[in-house]
Each structure stands twice: as structure tokens, then as C-alpha cells.
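Reading through the C-alpha cells given below for one structure.
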Amino acid sequence: MSELMPESVPQNMPKQQQQPSKAQVRSGRRSFIMVCVVFLLPIVIAKLALEKQWLNYGVTNQGQLLDTPVSLADLGLADIQTDKQWLIVYRQPSQCEQWCMQSVNALSNTYVALGKDMTRVTPVILSSTNAQQIDVSKLSLTKWIPFSKTLMNHELLNESKVFVVDPLGNVVLSHQPPTQVSQLPSFGKAIVADMKKLLKYSRVG
């Protein structure tokens, strides 16, 4: 009986693609988790600093921290680009009369009071499409960005509301301007204190 010879394997036959090892998969997962931690941890720490009052700036925190995360996309405002900046957003009323302008001026002073951190923050005036537009050119000391859009019904979008957005597009706290002119300086100082706490701990933006 003739001896059976093994069939030769064609040299041009493609090799089976090598699958990543379990160690490589674990390493990739760890790298992804570390990237997420680097971006998110500073913001979480900053939020805790506000909640626990780890820093004392001599001003009572007037801001309301959000228990449930809300993003700009959730508010229908995904078109507002953070560009890795913190945002101070003022929801102007339909008619921006004397009281409205006084609030805007107080916020302008607040922005300027951030000093060297001004470059990390962008102030935004948010209005509905049918609202009277504020002439931002009169606010020469700041770089207000006007943004007009048909707004959805949400508590954060109530008229005259002020809210702070982190560089990832998440609303972290909100402020309600006072109803008396004499309270505007304290209102501005409270926002400055909150912003300095957030900016101190954040390495994003």
C-alpha cells in the first residue's frame, strides 16, 4: 500500500488574523477608564467642594446645585459650543428693561472679577427668538456671546435664570437674580465665589 503524503499548503494562502490577547484587552479597558477619570474627576471634586463648602470665600453660596445631571443637549441647546470653556449663561426676559440691564451689568462685573480666570469662562446671553435682543456692544468690558433660539419648557430656562455650564456641556448649578437692586452686589460676589471654587478644582477648561 502506498504511503499517504500530506497535502502541501499553498504559500499564498492568507494567514489567520491574530486576535488580541486578554492582557491587551484589559490594558485597553484600563486606558479608556483612566482617560474618563482624568476628565471627569476634577469636575466631580469641584462639585463636592461646593456641596461641602470645603473652601470659604466669606460669601454664602446662593447657587442651587443640580442633583440630577442636565446637559445642554437635554435643554435643546446643543448648538451652544463650550469650546472647552466654562459658561455663565443668563436667560434674559422677553423685554430687557432697566432691571434686566442691571442684572446683566452685575454679571458683567462678576465676569471681570474672575481676573486671570476670565480666559477660562465665556458669558452667554440666552434669549427666545421673539425676545428683544440686548445690544452686547454696550457691554464693552466683557465678551458676551448672544444666542437666540426657540426655547423648550424647562425650569432652568425660566426668565432671568443664571446657570453655570462645565466644559463638557453639563449644567452644574443655577442662580436666581435678586429682586432688589441693593442685593445685586452680593449676588455677583456669590457667583464669583462659586466660579472660583469650580475653576480651582477643575483641570478641564
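With positions in the sequence shown counted from 1, the corresponding number in my numbering is that position plus 1. Where is the CB? At the ideal position from N, CA and C, for every residue including glycine.
ILE146 lies in the beta strand (DSSP E); which residues open and close that run? ILE146: member of the beta strand (DSSP E) spanning 146–149, first to last residue.
MET119 versus ILE89 - alpha carbon distance: Cα to Cα, the separation comes out at about 11 Å.
With C-beta atoms as the reference, is SER175 less than 7 Å away from GLN65? Judged by beta-carbon spacing, GLN65 lies within the 7 Å limit of SER175, meaning their Cβ atoms are closer than that value.
Considering only residues of the same chain and omitting the five flanking positions on each side of CYS97, which have a CB-CB separation below 6 Å? Taken in chain order, the residues that qualify are GLN133, ILE135.
Whole angstroms is fine: what's the gap from SER95's alpha carbon to ASN159's? In a straight line, the C-alpha of SER95 is about 11 Å away from that of ASN159.
Span of the beta strand (DSSP E) around GLN184: Unbroken run through GLN184: none, as it is neither H nor E.
Buried or exposed (CB count within 10 angstroms, at least 16 for buried), PRO178: So PRO178 ends up on the buried side.
Ends of the alpha helix (DSSP H) at LEU108? From DSSP, the alpha helix (DSSP H) with LEU108 extends over 99–113.
Look up THR123 in the DSSP assignment and say whether it is helix, strand or coil. Annotated three-state conformation of THR123 is strand, per DSSP.
Could you give the residue range of the beta strand (DSSP E) that holds VAL232? Lying before the first or after the last residue shown, residue 232 is absent from the chain, which here runs from 2 to 206.
Comparing C-alpha positions only, which one of GLY116, ASN154, HIS155, LYS162 sits nearest to VAL125? Checked all of GLY116, ASN154, HIS155, LYS162; the closest Cα to VAL125 is LYS162.
Can you name, in chain order, every residue of its own chain whose Cβ lies under 7 Å from the Cβ of TYR112, other than the five neighbours on each side? Excluding sequence neighbours, TYR112 sits near ILE89, MET119, VAL122, PRO124, THR143.
Candidates ARG31, ARG30, THR69, ILE81: closest to TRP145 by CA position: It is ILE81 whose Cα lies nearest to the Cα of TRP145.
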